[in-house]
Amino acid sequence: MKFGFIAHARWTSELRKIFLLRHDVSLIPFKSNKAIEKKSLEAGLIKDIFTYRKVLSAQKTRCSGRVFCVFLTPEQLLENQERAVELVVEACSQAKEWGAEIVGLGAMTAVIGSRGRETNAQSPVPVTTGNSLTVYSSLKAFQEMVKKLEIDIHRQKIVIVGFPGSIALAITRALLEEGVSLVLVSRRTTPFLKRFMADLDEATRKKVEISSDLPDALSKGKIIFSATSSGNLIDPDMLQPGSIVFDIAQPRDVINKKEKRKDVLIIDAGTVSLPRTTLFNYHSISLPFFSFLTLPAWTWQFREQHFLNYSGVGPYYLPSCLGETITLAMEGRPESFSLGRELPLDRVREIGRLSEKHGFIFDQFISFDRGISQEQYGRTKKALNNAH
Ligand SMILES: NC(=O)c1ccc[n+]([C@@H]2O[C@H](COP(=O)([O-])OP(=O)(O)OC[C@H]3O[C@@H](n4cnc5c(N)ncnc54)[C@H](OP(=O)(O)O)[C@@H]3O)[C@@H](O)[C@H]2O)c1
Numbered sequence: 025m026k027f028g029f030i031a032h033a034r035w036t037s038e039l040r041k042i043f044l045l046r047h048d049v050s051l052i053p054f055k056s057n058k059a060i061e062k063k064s065l066e067a068g069l070i071k072d073i074f075t076y077r078k079v080l081s082a083q084k085t086r087c088s089g090r091v092f093c094v095f096l097t098p099e100q101l102l103e104n105q106e107r108a109v110e111l112v113v114e115a116c117s118q119a120k121e122w123g124a125e126i127v128g129l130g131a132m133t134a135v136i137g138s139r140g141r142e143t144n145a146q147s148p149v150p151v152t153t154g155n156s157l158t159v160y161s162s163l164k165a166f167q168e169m170v171k172k173l174e175i176d177i178h179r180q181k182i183v184i185v186g187f188p189g190s191i192a193l194a195i196t197r198a199l200l201e202e203g204v205s206l207v208l209v210s211r212r213t214t215p216f217l218k219r220f221m222a223d224l225d226e227a228t229r230k231k232v233e234i235s236s237d238l239p240d241a242l243s244k245g246k247i248i249f250s251a252t253s254s255g256n257l258i259d260p261d262m263l264q265p266g267s268i269v270f271d272i273a274q275p276r277d278v279i280n281k282k283e284k285r286k287d288v289l290i291i292d293a294g295t296v297s298l299p300r301t302t303l304f305n306y307h308s309i310s311l312p313f314f315s316f317l318t319l320p321a322w323t324w325q326f327r328e329q330h331f332l333n334y335s336g337v338g339p340y341y342l343p344s345c346l347g348e349t350i351t352l353a354m355e356g357r358p359e360s361f362s363l364g365r366e367l368p369l370d371r372v373r374e375i376g377r378l379s380e381k382h383g384f385i386f387d388q389f390i391s392f393d394r395g396i397s398q399e400q401y402g403r404t405k406k407a408l409n410n411a412h
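In this note's numbering, the protein residues as written are 25 to 412.
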C-alpha cells in the first residue's frame, strides 16, 4: 500500500529553504521574512518533498510513501484555518493522485480543522492525525527514563502542559491508570475541564490539580510532558534541577537556548525509528533536490549521519504521526485511525503493538536533535535524587 504524509514548514527560515531547494526561479528566497510568508499564503504552494520508495518491515511487508509539504508556518496554519484546511485537503488529493490510500497529517496540519475531522470529511482518502502512536511512543520514552534513572513515579508530581489537547488528554488518562499525581496545565477554564474532573472518582480527583500558571506548575513537578499547539513557552531556566521534559510539540515547547543546562533532560519525544531491516533498503529513497542520494550504498552512513538523521524523514527520529501512517499502510488498513480530541487508550495500545510488530524502534532518544550523553543522564539523575 502507498501512503501520503502532509508536512509543513516549522519556521520561516524553512520556507526560505524550501523555496530555494525546489529551484523555484524567483527572488522570493532572498526577500524578507514577511514577504516570504505573504507569498506562501497567497500562492498556496504544495510540493512533494520526499519519497520512500520502499519501507520494509520486520514482517517483510513493504510499502512506499510520499511526503507533501504545505508551504505555511505553524502560525499561518493556526491563524488562517479555513485556507489551511483547503490546502491540506488539496495535498491529500495530490497524495491520492500519486496512489496513496492513507494519508497522515503531520504536526499542525493535524491540529487545524477540528483535529483532523474537517480534513477527513473533505479528503478523497482517509486521513489520520497519528496522535495515537505519538501518545504510545511518548509513554514508552517515559517508561524507559523511569527505568534508566530509577525514578519512583509515586514520589513525583507529573506535570502535563497543553491539557486538554488530544495528546495531553490521552497521556493524562494513561498516567491516571498508574495512580500517579498530576498537575495539568491548561490555558483556560472550559466546561470540558469541569466535566473531566467531575467524572473522576474521589480518590483520583485528589491526585489531580489543574493550573493555568506554568511557572508555578513547573516548580511543583520535575517530570513534564509538554504538547501544546503554541510552541516556545518553556524557558529551560524555569525548570528545577533534575527535571525531565518530554517535549512532544512541533514546533517544540521548550525554547532552544544556545546555552544548554547540564542538570536537566529535555527529550525530543514522540519520535520513533524505522524498522532496522529498512536501513538496507533506505538508500533507494529519492529526494528530489538531493540527487547525490543515488550515490553508492557505502556513502549511506555518512549521508544518514549528516543529512537525514535529524531531517524528520528518518530513518531515525521519525515523528510518530508518520510512524502511525506507515504502520497502517503496512497493515493494509486505510483507516482514519486517530481523529479528534478523544483517543481511546485501547487504540493507542493497538497501534503501538502493530508498530512494534513491524519493527519500529522506540528507544532512541535525542535532545534538540542531538544525542544524549551518559554524563547528561548521570547529572540529571543525581540532581533529581538530591532534591528528594
Ligand atoms: N512528535 C510527533 O510525532 C507529534 C505528532 C502529533 C502532534 N505533535 C505535536 O503535538 C502538539 C499537540 O498536538 P495535539 O494534536 O494534542 O494538539 P491539540 O489537541 O490542539 O492540543 C494542544 C493543546 O495545547 C493547548 N495550549 C496551547 N497553547 C498553550 C499554552 N500557552 N499553555 C497551555 N496550553 C496551551 C491548547 O489549548 P486550547 O484548548 O485552549 O486551544 C490545546 O488544548 C502539537 O505541537 C503537534 O504539532 C507531535
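Ideal placement from N, C-alpha and C gives every residue a C-beta, glycine not left out.
Return helix, strand or coil for tyrosine 306, following the three-state DSSP convention.
With a pLDDT of 44 at tyrosine 306, under the threshold of 50, the modelled position of this residue cannot be trusted, and the question is left open.
Around the Cβ of glutamine 167, are there at least 16 other Cβ atoms within 10 angstroms (buried) or fewer (exposed)?
Looking at its Cβ environment, which holds fewer than 16 other Cβ atoms inside 10 Å, glutamine 167 is exposed.
Between arginine 197 and ligand 1, is the CB less than 7 Å from at least one heavy atom?
Flag unset: Cβ of arginine 197 not near ligand 1.
Please classify lysine 84: does DSSP put it in a helix, a strand, or coil?
Coil at lysine 84, not helix or strand.
Near lysine 55, what residues of its chain come up, given a Cβ to Cβ distance below 8 Å and the 5 sequence neighbours on each side ignored?
Lys63, listed in sequence order.
Do you know how far the Cα of glutamate 38 is from the Cα of glutamate 66?
Roughly 17 Å separates the two Cα atoms.
Curious, which full-length alpha helix (DSSP H) runs of at least 4 residues does the region 151–183 contain?
Fully enclosed alpha helix (DSSP H) runs of 4 or longer: 155–172.
Taking all protein chains shown into account, decide if alanine 227 is buried (16 or more other Cβ within 10 angstroms of its Cβ) or exposed.
Exposed, by the Cβ-count rule.
For aspartate 72, collect the residues of the same chain with a Cβ closer than 8 Å to its Cβ; drop the 5 residues on either side in sequence, then sort them by chain order.
Counting only Cβ-Cβ distances below 8 Å, and skipping sequence neighbours, we find Arg90, Val91, Phe92, Cys93, Gln118, Trp122, Pro312.
Can you tell which of Trp35, Thr214, Leu193 has the C-alpha that lies nearest to the C-alpha of valine 207?
Nearest option by C-alpha distance: Leu193.
Inspect the beta-carbon positions of isoleucine 248 and proline 260 and report whether they are closer than 8 Å.
It is not a contact, given that the beta carbons lie outside the stated cut-off.
Could you compute how far the alpha carbon of alanine 59 sits from the alpha carbon of alanine 131?
Cα-Cα distance, rounded: 24 Å.
Are the beta-carbon atoms of threonine 75 and cysteine 345 separated by less than 8 Å?
Cβ distance not < 8 Å, so threonine 75 and cysteine 345 don't count as in contact.
Where does aspartate 393 fall in DSSP's three states?
It is coil, neither helix nor strand.
Below 8 Å on the Cβ atoms is my contact criterion, and I expect cysteine 116 with isoleucine 30 to pass it. Report the Cβ-Cβ distance as a whole number of Å.
About 7 Å; that satisfies the 8 Å criterion.
Would you call leucine 408 buried or exposed, if buried means 16 or more other Cβ atoms sit within 10 Å of its Cβ?
Answer is buried; the Cβ neighbour count reaches 16.
Please name the residue, chosen from Glu202, Ser236, Gly203, Ser205, that lies closest to leucine 217 on a Cα-to-Cα basis.
Closest by alpha carbon: Ser236.
Verify whether the separation of the beta carbon atoms of valine 232 and leucine 242 is less than 8 Å.
No.
Could you give the distance in angstroms between the alpha-carbon of phenylalanine 316 and the alpha-carbon of leucine 45?
Its pLDDT being 36, under 50, phenylalanine 316 is placed unreliably by the model, and the measurement read from it follows with that caveat. Approximately 14 Å between the Cα atoms of the pair.
Please name the residue in Glu106, Gly402, Ile195 whose C-alpha comes closest to that of glycine 294.
Cα-wise, what sits closest to glycine 294 is Ile195.
Examine ligand 1 and report whether any of its heavy atoms sits within less than 7 Å of the Cβ of serine 297.
Because no heavy atom of ligand 1 lies under 7 Å away, the Cβ of serine 297 does not count as near it: no.
Over what stretch of residues does the alpha helix (DSSP H) that includes leucine 257 continue unbroken?
It is not in any alpha helix (DSSP H) - leucine 257 carries neither H nor E in the DSSP assignment.
Please report the distance separating the alpha-carbon of glutamate 110 from that of alanine 222.
Distance between the alpha carbons of glutamate 110 and alanine 222: 38 Å.
Report the rounded CA-to-CA distance for threonine 97 versus threonine 143, giving the unit in angstroms.
Answer to the nearest angstrom: the Cα atoms are 18 Å apart.
Report the rounded CA-to-CA distance for leucine 369 versus arginine 377, giving the unit in angstroms.
Going by the C-alpha atoms only, they are around 12 Å apart.
Let me confirm a value: serine 50 is counted as buried when at least 16 other C-beta atoms fall within 10 Å, else exposed. Which label applies?
Exposed, because fewer than 16 other Cβ atoms sit within 10 Å of the Cβ of serine 50.
Taking the CB atoms as reference points, tell me whether leucine 298 and phenylalanine 384 lie closer together than 8 Å.
Going by C-beta atoms, leucine 298 is nearer than 8 Å to phenylalanine 384.
Glycine 130 by DSSP, collapsed to three states: which one?
In this structure, glycine 130 counts as coil in the three-state DSSP scheme.
With DSSP as the reference, label lysine 71 as helix, strand or coil.
Three-state DSSP puts lysine 71 in a strand.
Once DSSP output is grouped into helix, strand and coil, what is the label at threonine 295?
In the structure shown, threonine 295 sits in a strand (DSSP, three-state: E or B).
Between threonine 404 and chain C, is there a C-beta pair that is closer than 8 Å?
The structure shown has no chain C; it contains just one protein chain.
Let me confirm a value: asparagine 57 is counted as buried when at least 16 other C-beta atoms fall within 10 Å, else exposed. Which label applies?
Flag for asparagine 57 reads exposed.
Can you list, in chain order, the residues of its chain with a C-beta nearer than 7 Å to that of serine 308? Leave out the 5 residues immediately preceding and following it.
Any reading at serine 308 needs caution, since the residue's pLDDT is 35, under 50, leaving its predicted position unreliable; the model's value is listed next. Here the set comprises Arg77, Lys78.
Within its chain, find whatever has a CB closer than 6 Å to the CB of serine 147; leave out the 5 residues flanking it on each side and keep chain order.
Excluding positions up to five away in sequence, the list reads Val113, Cys116.
Can you tell me the Cβ-Cβ gap for glutamine 400 and lysine 286, rounded? I've got them flagged as a contact below 8 Å.
The Cβ separation is near 7 Å, so the contact holds.
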